[in-house]
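To start, the structure under review is shown below, and the notes come after it.
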Amino acid sequence: MKKLLPHIRLERILDALSEETATASDEELLQACAELRIKPEMKGSLVWLGLKGVFFCPYVESKLAPTTEGIPFADPEDGDFQDTPRRH
Amino acid sequence: MQDRKRLLTVLIGGNGETPLEKAFAAKLVGDMNLLRLKATARLLARGLYPDIYWWDLLQEAFARVLNGSRHCPPGVPVDVFMTGVMRSIRAEYWRRKGLLESSLALRHLEGLEMAPDPERLVLAQQELEAIGELFADDPVATQIIRGLGDGLSAEEIRTKYGLSSTEYDSARKRMRRALVRDGIRSKVK
């Protein structure tokens, strides 16, 4: 089999793996938290605040927002209109 | 309450009015969604140029939902939908980069076949290695990753590596756990 270029391989792998994280159960998330010694039930803890820090991660519109330079916007084929996750 | 919020903003660093914060306030997502989406965004930010962080993907995805340019179809779990939006933003990012690069190259090198951007190739190779390391102790997961990279279906991967359905499903479960664990850790990139 012809070896594919790394960026093509990476896109395929990320497509598949992102379905795994998107569909992880609450139990799996809580188990991961336990393994990392994060206690989601302790909402005042510093670790939890660190986790919630994502709220305050800045939104820099110029980075990924659609532009008006004639460059195509997201294509519905790319996936956000899928009604069910694909399973590999 | 406002003081507490201001204090948090100072401690954590942010403007307090991000799309994600608004989505949370509007109850579009809850705590568990946040964990799931953080892990997913971190994964989908792999291989992008270093100025793009995982939260850029997440914030942009929520911005598009809030401005009405993306709608979650009925019955689709919000995390699955948001993952699709982030994937779509990622694909759009590369399309833009590709168009920009090809238009610049064409100006100077008309007729020359376009090769992928070398920086993208290097970043992709690094991420493939990092993902490989994540599953280095799990031979079945390593085979699955290799098969996914080759574009094989689950059935083809099972056939190629002689895996039973149980072996395959167990490995996917272990992979999911490892990815979630890696994704929710507090690290920047």
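Residue numbers (the numbering used here), protein chains in the order written: chain E, 918 to 1005; chain U, 1352 to 1540.
We put the CB at the ideal spot given by N, CA and C, even for glycine.
Check: Simplified DSSP assignment, three categories, for Ala1481/U; Outcome: helix
Check: C-beta atoms of Val1427/U and Ala1412/U nearer than 7 angstroms; Outcome: no
Check: Arg1532/U beta carbon less than 7 angstroms from that of Glu952/E; Outcome: yes
Check: Whole-angstrom C-beta distance between Gly1498/U and Glu1484/U, which should lie under 8 angstroms; Outcome: Contact doesn't hold; Cβ gap of about 18 angstroms is too wide.
Check: Three or more C-beta pairs below 8 angstroms linking the segment 1475–1492 of chain U and the segment 1413–1421 of chain U; Outcome: no
Check: Residues of its chain near Lys1389/U, where Cβ-Cβ distance is below 7 angstroms and the 5 sequence neighbours each way are ignored; Outcome: Gly1534, Ile1535
Check: Neighbour list for Ser935/E in chain U, Cβ cutoff strictly below 7 angstroms; Outcome: Thr1391, Leu1394, Leu1395, Thr1434, Arg1438
Check: Beta carbon proximity, Glu945/E to chain U, threshold 7 angstroms; Outcome: yes
Check: Under 7 angstroms between C-beta atoms of Ile1440/U and Leu1474/U; Outcome: no
Check: Whether Pro923/E touches Gln1494/U by CB criterion (7 angstroms); Outcome: no
Check: Ser935/E classed as buried or exposed, judged by whether at least 16 other C-beta atoms fall within 10 angstroms; Outcome: buried
Check: Closer than 8 angstroms at the beta carbon, the chain U residues around Lys980/E; Outcome: Asp1402, Ile1403, Asp1407, Glu1411
Check: C-beta contact flag for Ile930/E and Gly1500/U at 7 angstroms; Outcome: yes
Check: Close beta carbons around Gly1398/U, own chain, < 6 angstroms, minus the five adjacent residues each side; Outcome: Leu1474, Ala1475, Glu1478
Check: Contact check, Asp1387/U vs Trp1405/U, beta carbons under 7 angstroms; Outcome: It is worth fixing the name first, because residue 1387/U is Arg in this sequence and not Asp. Their beta carbons are not under 7 angstroms apart, which means Arg1387/U does not touch Trp1405/U by this criterion.
Check: Among Asp1468/U, Gly1513/U, Thr1391/U, the one whose alpha carbon lies nearest that of Ala933/E; Outcome: Thr1391/U
Check: Proximity test, Cβ basis, 7 angstroms: Ala1012/E and chain U; Outcome: Summary: the structure shown does not reach residue 1012/E, with chain E confined to residues 918 through 1005, and so no result is reported for it.
Check: DSSP state of Thr1517/U mapped onto helix, strand, coil; Outcome: helix
Check: Inter-residue spacing [alpha-carbon to alpha-carbon] between Glu978/E and Pro1467/U; Outcome: 26 angstroms
Check: Test: Asp1489/U CB closer than 7 angstroms to a CB of chain C; Outcome: In the structure shown, chain C cannot be found, because the protein chains are E and U.
Check: Whether Ala1068/E touches Arg1527/U by CB criterion (7 angstroms); Outcome: Coverage of chain E is limited to positions 918 through 1005, which leaves residue 1068/E absent and any answer about it impossible.
Check: Nearest-angstrom Cβ-Cβ length linking Thr1369/U and Pro983/E, presumed shorter than 8 angstroms; Outcome: In fact, because the Cβ distance is near 18 angstroms, the residues do not count as touching under 8 angstroms.
Check: Straight-line Cα distance separating Gly1513/U from Leu981/E; Outcome: 42 angstroms
Check: Beta-carbon proximity of Asn1384/U to Val1431/U, cut-off 7 angstroms; Outcome: no
Check: Residue-level contact to chain U via CB, Arg954/E, 7 angstroms cutoff; Outcome: no
Check: Per-residue burial, Tyr1400/U [other beta carbons within 10 Å of its own, 16 or more giving buried]; Outcome: exposed
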